[in-house]
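The sequence shown maps to residues 25 to 202 in my numbering. Note that beta-carbon positions come from the ideal geometry of N, C-alpha and C, so glycine has one too. Computed from a predicted structure; not experimentally measured.
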Amino acid sequence: MYKTRFVLFSLAAIIGLLFSARIFLVKPTVPPSPPIVITPSLTPSQTPTQTISSGSKFKSIKISINELSVETVSTPEEIQLGLSGRSEIGSDGMLFVINPPRQISFWMKDMLIPLDIIWISNGKITGIEKNVPPPLTGTPENKLINYPSSNPVDYVLELKAGDADFWGIKVLDEVLIL
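This is the structure in structure tokens:
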């Protein structure tokens, strides 16, 4: 009787060990990830999540002696969304193409990171807003701060806060879109 219990207990222990080893030795299969897309928030109460679209357009720009790789956006929807919902920029920055050139105002709706905002007109930097903080979570739209350009611009460049100083970018620096 004791022998039978011992054999059964031993078999159960061996089966348990084999099952446990299978868990650690067999790599689970993961289905392929869907394409990455930019997704704006659907309601004001949701915190948006956004990643770089697989169809994003990147350009190089030269400011003074520095060459930066920037994601470009040009449609009204892309411009309104901007970097909202991103926890990081993913490149050196985002370049907004403002066509036709005009005086424009930016806000930090749904932003998660602080930014430097650089206003560009006719190939020259006309203004810089440094270290613009993201709003507190839940800030109503009518309480968000607007950051206007002081004159008509044809481009706006957003960089990670502190990068304007890091790259030595100043008002009147020449900007070349490559």
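Original post:
In whole angstroms, what is the alpha-carbon distance linking PHE190 and GLY117?
Top reply: If you take the alpha carbons of PHE190 and GLY117, they lie about 13 Å apart.
Original post:
Run through DSSP, which three-state label would ASP178 get?
Top reply: If DSSP states are grouped into helix, strand and coil, ASP178 belongs with the strands.
**OP:** Give the single residue among THR150, GLU165, LYS83 and GLY186 whose Cα lies nearest to the Cα of LYS133.
**Re:** LYS133 has its Cα closest to that of GLU165, out of THR150, GLU165, LYS83 and GLY186.
Original post:
Relative to the C-alpha of LEU92, which residue among LEU119, LEU168, LEU107 and GLU101 is closest?
Top reply: Of LEU119, LEU168, LEU107 and GLU101, the smallest CA-CA separation from LEU92 is found for LEU119.
Subject >> Own chain residues within Cβ distance below 6 Å of LEU183, not counting five before or after >> reply: Hits under 6 Å: GLY117 and ASP140.
Original post:
Taking the DSSP output, what are the residues bridged to ARG126?
Top reply: In DSSP, ARG126 forms a bridge with VAL177.
**OP:** Please report how far the alpha carbon of LEU107 lies from the alpha carbon of GLU198, in whole angstroms.
**Re:** For LEU107 and GLU198, the distance between alpha carbons rounds to 24 Å.
**OP:** Can you say whether PRO55 is buried or exposed, counting buried as having 16 or more other CB atoms within 10 angstroms of its CB?
**Re:** Any reading at PRO55 must be qualified, since the residue scores a pLDDT of 37, below 50, and its modelled position is unreliable; no value is offered.
Subject >> Euclidean distance between Cα positions of GLY162 and VAL180 >> reply: For GLY162 and VAL180, the distance between alpha carbons rounds to 26 Å.
**OP:** Decide if ARG126 is buried, meaning its Cβ has at least 16 other Cβ atoms within 10 Å, or exposed.
**Re:** The residue is exposed, with fewer than 16 neighbouring Cβ atoms inside 10 Å.
**OP:** Less than 8 Å between the CB atoms is what I'm expecting for ILE193 and ILE142, so what's the real figure, rounded?
**Re:** Right, their Cβ atoms sit about 7 Å apart.
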